[in-house]
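Chains as they are written, first to last, in my numbering: chain A, 1 to 342; chain B, 343 to 742. Here is the structure we will look at.
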C-alpha cells in the first residue's frame with residue numbers, strides 16, 4: 001500500500017531527470033534562466049503563507065466506549081460483603097463483549113472488551129480482601145481473565161479457557177498490595193491484549209496511602225490496520241483526550257496517578273511531566289518512594305504510582321517522551337488552578 | 343437438417359422487429375438486472391457481510407509554504423472515508439475540498455497545514471474510518487512551482503535544451519546524408535529504426551512503470567495497451583495511404599511520422615522531467631549535459647534520413663524539428679503543473695505505439711527502395727544494431 005518511490009530502481013527516466021537538471025545548469029549560465037530561477041518556489045514564498053496546523057488530529061472522539069474524564073477517577077470496589085471469618089468479600093462482574101469503538105475521530109476499531117469498555121473497569125480492593133470475579137464470555141472468541149497478583153494456579157486465567165457463552169468465577173485473596181492489572185491470556189496473547197481486553201487491578205495497603213486526588217491512566221494504543229504497529233496512542237483509549245479537555249488540578253494538592261502500560265507492539269512507553277518532578281512507587285508495592293524524576297520508562301505490563309503537587313498555577317503538559325507516541329495521541333495537559341478551600 | 347425450415351420461420355419473425363430493438367434489448371435487460379441487484383438488496387446477500395475494500399491512490403502531492411496538498415483518488419470498489427491524516431507519524435489537522443468521503447472513482451483534495459522542511463523527506467499517511475492506512479513519501483520536499491510567467495520560462499528553457507536543441511543539431515546531418523550512397527543511406531535508415539526501437543522500448547517500460555502507480559480501477563496496464571494500440575491504429579488510419587505512396591511524397595510522410603512519434607515520446611519525457619523538476623528530484627552535472635545532447639541529437643538524424651535525397655525546404659526541416667522537439671516543452675509544462683500517473687501512462691504508451699508504427703513505416707521505405715533485393719543485408723542489420731548500441735552507449739553517458 002505504500003507508494004514508495006524511493007525504493008524503485010534508477011531508470012532511464014530518472015537519468016533523464018538528472019540530465020534535465022544538467023541542462024538547466026547550462027541554461028543557468030544565461031541571464032534569462034538566472035532571472036527565471038529566482039522565480040522558482042522554495043526560495044521565495046510569494047503566496048500567502050499558511051498557518052501551521054496542529055499535531056493533535058482532526059475533530060473529537062465521541063464513541064470511545066468510555067468518557068475519559070469519568071474513567072480517570074472511577075474506581076469499582078465491587079459488591080462488598082463479609083464472610084464467616086469476618087473477611088471483606090468483593091464481588092465483581094466482568095463480561096467479555098465485542099464492540100466497535102472510536103479510537104480516533106472517525107476511526108472505528110473492532111475491539112474486544114470487558115463490560116463493553118476499553119480499558120475495562122478499574123477494580124479496587126484492599127490487601128487481604130477476598131476477591132470474587134464473575135466472568136461471562138459473550139464475545140465471539142475464547143477469553144480468560146489473568147490477574148496479576150499472588151494466587152492459585154487454577155485462578156491464573158491461563159489454562160481455564162472460557163469459550164463463548166461460558167462463565168467462570170475467579171476467586172483469590174487480594175495480595176500483595178500495589179498497582180496491578182488484569183488482561184485476557186487466551187492465545188494468541190498479543191491479539192487478545194491489543195484488541196482491548198485489559199484493565200487496572202488496584203490493591204490498596206491495609207494502612208491507606210495519604211489522602212490525595214487519585215487518577216487512573218492506562219497507557220494504550222491501537223493497531224487499526226493490523227500491520228503490527230500502533231496507528232493511535234493514548235492515555236485511556238482516546239488520543240489527545242486530556243489535551244482537548246485538560247485535567248484540572250488544584251495548586252498544592254497531592255496528585256496520585258496510577259499509571260499502567262498496556263501498549264502492545266512497542267517495547268517501551270514512558271511518562272514525562274512538565275514543570276515538575278514526581279515520586280515513583282514502583283509497582284506500588286512499597287509505601288516509600290523509589291525515585292524522584294520527571295521522566296519514567298514503562299515496559300509492557302509495567303506500572304507505577306506517581307505522586308506530585310504543583311506549586312505554580314498554569315497549564316502543564318504530560319506525555320510520552322517518545323515524541324512519536326506523543327504526536328500520535330499520548331499527550332495531555334494539567335491545568336493547575338489556585339487552591340480552592342471548600 | 344429437418345430443423346432448418348423452422349429456423350427460417352423464426353428468422354422471419356425476428357426480422358420483422360426493428361434493428362435498434364435488437365441492439366438495445368440486451369442493454370436494457372442488463373440495466374434492469376443491475377438496478378434490481380442494487381436496489382433489491384441482493385447485493386448485500388452476495389457480499390455476505392464482507393468488509394468494504396478500500397483502495398486510495400495518491401494522485402498528486404504538492405507543497406506550498408507551510409502546506410501539503412494531497413490529491414486522493416479512490417480506485418477501489420467501495421467509498422472510502424478519510425478520518426485522520428498523519429504527517430511523519432503525527433496526527434495533523436487538515437481540510438478537504440470535496441469532503442472526506444470519496445466515492446468510487448471519486449477524488450478529493452486534502453490540505454494539511456504543515457511546517458515541512460525544505461530538502462528533507464516527509465511521509466503523509468491517511469487513516470480511513472475503518473483504520474486502514476495509505477502512505478505516500480515525499481522524497482525531497484520542495485515548494486511546487488506555481489504557474490506564472492517565470493515558471494513557464496524555466497520549463498520552456500528546459501524543454502528547449504532537452505528536446506528542441508538536440509533534435510535541431512541532429513537535423514544538421516542532413517547535408518551529409520544527401521551525399522551518401524544508397525546502401526549507406528539504408529544503413530542510416532536502419533540505424534534510425536534501431537534508435538526508435540530503443541526509444542519505443544524505453545517508453546513502454548516507463549509506461550508500465552507509471553501504470554503501477556495508477557489507481558486500481560483505472561487499470562494502468564490495460565491503459566498502456568489502449569494507448570499504444572490506439573496510437574498505432576490512429577496513425578495507420580490517418581497516414582496509411584500517404585506513407586504507402588511511391589516516391590518523395592511517401593518518404594516525406596514517413597519523415598513527418600517519425601517526427602510525430604519522437605514528439606510523442608518527448609512529450610512523455612518532458613512530462614517526467616517537469617514532474618521531477620517540480621518536486622526537486624534532480625541533480626546538476628556538466629558531464630550529463632554532454633551525454634544528453636549526444637543521446638537526443640540522434641533523434642534529429644532519424645527524422646531526416648528518409649528524406650535525404652528529396653531536398654526538403656528549410657521550412658519543412660524546421661517544421662519536422664519543431665514537431666519532434668516542442669512537445670518536450672509542453673510535456674514539461676504539464677508535468678510540472680498537473681502530473682498524474684494516469685496521464686503519464688497514457689502519454690508514454692501513446693508514444694510507444696507511435697514509434698512502433700514509425701518503425702514499420704521505415705521498413706517500408708527501405709523495402710520499396712531495395713525493390714527486388716532483400717531488405718536485410720549486413721548493412722541494414724548492422725545499422726539497426728548500431729542504432730540500438732548508439733542509444734545504449736549514449737544512455738550510459740546520461741547515466742554518468
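Note that the Cβ used here is the ideal one computed from N, Cα and C, for glycine as well. Quantities reported herein were computed from a predicted structural model and do not represent experimental measurements.
Express the C-alpha separation of residue j and residue i in angstroms, rounding to a whole number.
i	j	result
residue 600/B	residue 367/B	46 Å
residue 199/A	residue 335/A	26 Å
residue 317/A	residue 93/A	36 Å
residue 98/A	residue 112/A	5 Å
residue 424/B	residue 324/A	21 Å
residue 226/A	residue 472/B	11 Å
residue 728/B	residue 556/B	35 Å
residue 154/A	residue 95/A	19 Å
residue 32/A	residue 503/B	Summary for residue 32/A: the model assigns pLDDT 39, below 50, so the residue's position carries little reliability; its value from the coordinates is reported in the next sentence. Their backbone Cα atoms lie some 14 Å apart in a straight line.
residue 78/A	residue 90/A	5 Å
residue 649/B	residue 706/B	14 Å
residue 653/B	residue 542/B	28 Å
residue 568/B	residue 356/B	36 Å
residue 666/B	residue 533/B	18 Å
residue 183/A	residue 479/B	38 Å
residue 332/A	residue 152/A	39 Å
residue 206/A	residue 130/A	13 Å
residue 59/A	residue 427/B	11 Å
residue 282/A	residue 290/A	7 Å
residue 616/B	residue 687/B	15 Å
residue 396/B	residue 446/B	10 Å
residue 589/B	residue 372/B	54 Å
residue 591/B	residue 651/B	12 Å
residue 448/B	residue 735/B	45 Å
residue 191/A	residue 394/B	22 Å
residue 40/A	residue 492/B	Unreliable placement is indicated for residue 40/A, whose pLDDT of 37 sits below 50; the coordinate value is still reported in the next sentence. In a straight line, the C-alpha of residue 40/A is about 7 Å away from that of residue 492/B.
According to the Cβ coordinates, are residue i and residue j closer than 7 Å?
i	j	result
residue 580/B	residue 690/B	no
residue 558/B	residue 382/B	no
residue 222/A	residue 114/A	no
residue 261/A	residue 302/A	yes
residue 168/A	residue 135/A	yes
residue 127/A	residue 63/A	no
residue 476/B	residue 398/B	yes
residue 531/B	residue 704/B	yes
residue 295/A	residue 272/A	yes
residue 258/A	residue 329/A	no
residue 756/B	residue 565/B	Any property of residue 756/B remains undetermined from this structure, which presents chain B solely from 343 to 742.
residue 240/A	residue 56/A	yes
residue 535/B	residue 721/B	no
residue 413/B	residue 437/B	no
residue 310/A	residue 251/A	yes
residue 415/B	residue 466/B	no
residue 180/A	residue 201/A	yes
residue 645/B	residue 538/B	no
residue 497/B	residue 674/B	yes
residue 560/B	residue 684/B	yes
residue 642/B	residue 509/B	yes
residue 432/B	residue 327/A	yes
residue 677/B	residue 613/B	yes
Any idea which residues DSSP pairs residue i with across the strands?
i	result
residue 112/A	98/A
residue 299/A	268/A
residue 252/A	In DSSP, residue 252/A forms no bridge with anything.
residue 434/B	427/B
residue 310/A	Beta-bridge pairing links residue 310/A to no other residue.
residue 214/A	256/A
residue 220/A	234/A
residue 651/B	The partner list for residue 651/B (beta bridge, DSSP) is empty, contrary to what the question assumes.
residue 453/B	411/B and 437/B
residue 279/A	292/A and 307/A
When every heavy atom of the ligand ATP is checked, does at least one fall within less than 6 Å of the C-beta of residue i?
i	result
residue 78/A	With respect to the ligand ATP, the structure shown offers nothing to examine, as it has no ligands at all.
Check whether the stretch 450-463 of chain B touches the stretch 478-494 of chain B, counting contact only when three or more Cβ pairs, one atom from each stretch, lie closer than 8 Å. Between the stretch 450-463 of chain B and the stretch 478-494 of chain B there are three or more C-beta pairs closer than 8 Å, enough to call the two in contact.
Segment contact flag, the stretch 245-265 of chain A with the stretch 155-165 of chain A, C-beta cutoff 8 Å, min 3 pairs: In this structure the stretch 245-265 of chain A does not lie against the stretch 155-165 of chain A, because fewer than three pairs of beta carbons, one per stretch, are closer than 8 Å.
Is it true that the stretch 659-666 of chain B meets the stretch 597-611 of chain B, where meeting means three or more beta-carbon pairs spaced less than 8 Å apart? yes
Tell me the start and end of each unbroken beta strand (DSSP E) in the stretch 155-196 of chain A that is at least 3 residues and wholly inside, in chain order. 167-173 and 178-183
Between the stretch 71-88 of chain A and the stretch 203-217 of chain A, do three or more beta carbon pairs fall short of 8 Å? Touching, per the Cβ criterion.
Does the contact criterion of 3 or more C-beta pairs under 8 Å hold for the stretch 402-412 of chain B versus the stretch 370-379 of chain B? no
Those runs of the beta strand (DSSP E) which lie wholly inside the stretch 517-554 of chain B and span at least 3 residues: Runs found: none.
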